[in-house]
Amino acid sequence: MTVGERLRFALIGAGRIAGTYAAAFERIDLLVPAAVVDPCREAAVALARRLRCPAFSSTAEMLAQCKVDAAVVCTLPVTHPAVTLELLSAGKHVLCEKPLSIDVADARAMIEAACARGVCFTMASKFRYVPDVLRAKEIVDAGEIGEIALFENAFTGCVDMRHRWNADLRVSGGGVLIDNGTHAVDLMRYFLGPIVDLRVIEGKRLQGLPVEETVSIHLRSAEGVLGSIDLSWSIDKHLEHYLTIYGTKGTLRIGWQGSKRWRNGEGGWEPFGTGYDKIEAFTRQIEN
C-alpha cells in the first residue's frame, strides 16, 4: 500500500458490537468498508446496507469475491481462532475482539500465524485509546503523581445476562471475568507493566448463571504495585470513575463523564478530560 491509500476493511460479525465498529468506520476517511460477513444473512445485509458494501455469509465467500486489506473480527469468542486464522492465512491484517480465544493454545496459534505471515494482528483494547486514559498515562509516566503504590478498577453494573450468549460457557469461555476482565487487566498492565501475582475470588451468582457474575481480582505488578479489580454483571457500585491510581504525590481518577487529579499537599480536585466515548475509542483503535 502507498501513503494515503485507503484501507479496505471487512467487518466479520454483524451483532451488537459490530454496530459500534460500523459507527467508527463512518468516521475514518482513510478506511473503506469493503464487506460485512455473518452467517445470519439478514443481519449481514442490514449492516452492509448501512455501510454501502456487499454482504457475505462466510469469510471464505468474502475472501473469494472481495478485495480487502484488513478485517475486524467481532464474532462469538469460540469462533475467533478459526475466523482469524483464515484471515491471517490470506495475508489480511486483523483486529480481533476480546477475548482472543477461549483457549490459550489457540490464542498462541493466532499470534504465531500473524508473525509467520508478517501481518498486523492485535486484540481490541479500547480503553488504551480513551483520551482521558492516554492523558493519565502521560501524567504517570512523567512522575507527576510520584511513585505509584495502588491501582483500583471497577467495571460493575446490573445487566440481565440470563438470555445472552455471554452466559453460555461453550460459546463465551467464561463470564464477567473473561468479558470485562480482559479490559481491566489490560489497563493495569498498560499503566504498571507486567503482573507477577494474581488471585481471583468469585462472588455469589445472583442471576443463577452457569458462569461467574461477580469477581474480585487482586494483583501485584513486577514493581510491587498492588491492584484490586471488581467486576460484576449483578452489582452496581455507582461510581463516577472506573479507575483510580494512587501515587506518593497525588491521585488520578479516570471517570465516565470526566476525570480528575489530586495533588498531595495542595488540596482540591483538578478536572481534566471529557470522559468515555465508546465510538471515539473504537475509532482511535482502528486508526492505530
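The working numbering numbers the first residue of the sequence shown as 5 and each following residue consecutively.
Beta carbons: idealized from backbone N, C-alpha and C, even for Gly.
Euclidean distance between Cα positions of residue i and residue j
i	j	result
residue 209	residue 218	7 angstroms
residue 282	residue 255	24 angstroms
residue 240	residue 188	16 angstroms
residue 93	residue 285	28 angstroms
residue 126	residue 288	14 angstroms
residue 61	residue 49	9 angstroms
residue 88	residue 31	25 angstroms
residue 305	residue 153	In the structure as shown, the chain starts at 5 and stops at 292, and residue 305 therefore has no counterpart that could be examined.
residue 9	residue 36	10 angstroms
residue 199	residue 220	16 angstroms
residue 213	residue 165	8 angstroms
residue 43	residue 54	18 angstroms
residue 64	residue 177	25 angstroms
residue 171	residue 180	9 angstroms
residue 211	residue 18	27 angstroms
residue 195	residue 248	11 angstroms
residue 271	residue 140	19 angstroms
residue 274	residue 262	11 angstroms
residue 40	residue 117	23 angstroms
residue 230	residue 156	9 angstroms
residue 59	residue 246	38 angstroms
residue 168	residue 183	12 angstroms
residue 173	residue 73	33 angstroms
residue 122	residue 207	43 angstroms
residue 185	residue 51	29 angstroms
residue 301	residue 57	Outside the displayed span of the chain (5 to 292) sits residue 301, for which this structure offers no information.
residue 250	residue 76	35 angstroms
Exposure of residue i, with buried meaning 16 or more beta-carbon neighbours within 10 Å
i	result
residue 290	buried
residue 34	exposed
residue 252	exposed
residue 45	exposed
residue 227	exposed
residue 322	Residue 322 is absent from the model: the chain starts at 5 and stops at 292.
residue 292	exposed
residue 84	buried
residue 119	exposed
residue 223	buried
residue 205	exposed
residue 101	buried
residue 20	exposed
residue 108	exposed
residue 38	buried
residue 128	buried
residue 90	buried
residue 12	buried
residue 97	buried
residue 257	buried
residue 151	exposed
residue 78	buried
Residues bridged to residue i [DSSP beta-bridge criterion]
i	result
residue 273	266
residue 35	11
residue 258	247
residue 220	205 and 234
residue 16	41 and 77
Fully enclosed by the segment 52 to 125, which beta strand (DSSP E) runs are 3 residues long or longer? Within the segment 52 to 125, the complete beta strand (DSSP E) runs of at least 3 residues are 74 to 77 and 97 to 100.
Tell me whether the segment 159 to 169 and the segment 232 to 241 touch, counting them as touching only if at least three CB pairs, one residue from each stretch, are closer than 8 angstroms. They touch, by the three-pair rule.
At what residue ranges does the segment 134 to 213 contain a whole run of the alpha helix (DSSP H), taking only runs of 4 or more? With a minimum length of 4 residues, the continuous alpha helix (DSSP H) runs that stay inside the segment 134 to 213 are 135 to 145, 173 to 176 and 180 to 196.
Assess contact between the segment 266 to 274 and the segment 177 to 193, defined as three or more Cβ pairs (one per stretch) separated by less than 8 angstroms. Is contact present? In the pairwise beta carbon analysis, the segment 266 to 274 is classified as not touching the segment 177 to 193: fewer than three pairs are separated by under 8 angstroms.
On the three-pair Cβ rule with 8 angstroms, is the segment 135 to 148 touching the segment 113 to 124? Short answer: they don't touch.
Give, in chain order, every unbroken run of the beta strand (DSSP E) that is at least 3 residues long and sits entirely within the segment 222 to 252. As summarised for the segment 222 to 252, the continuous beta strand (DSSP E) elements at least 3 residues long and confined to that stretch are 230 to 236 and 245 to 251, given in chain order.
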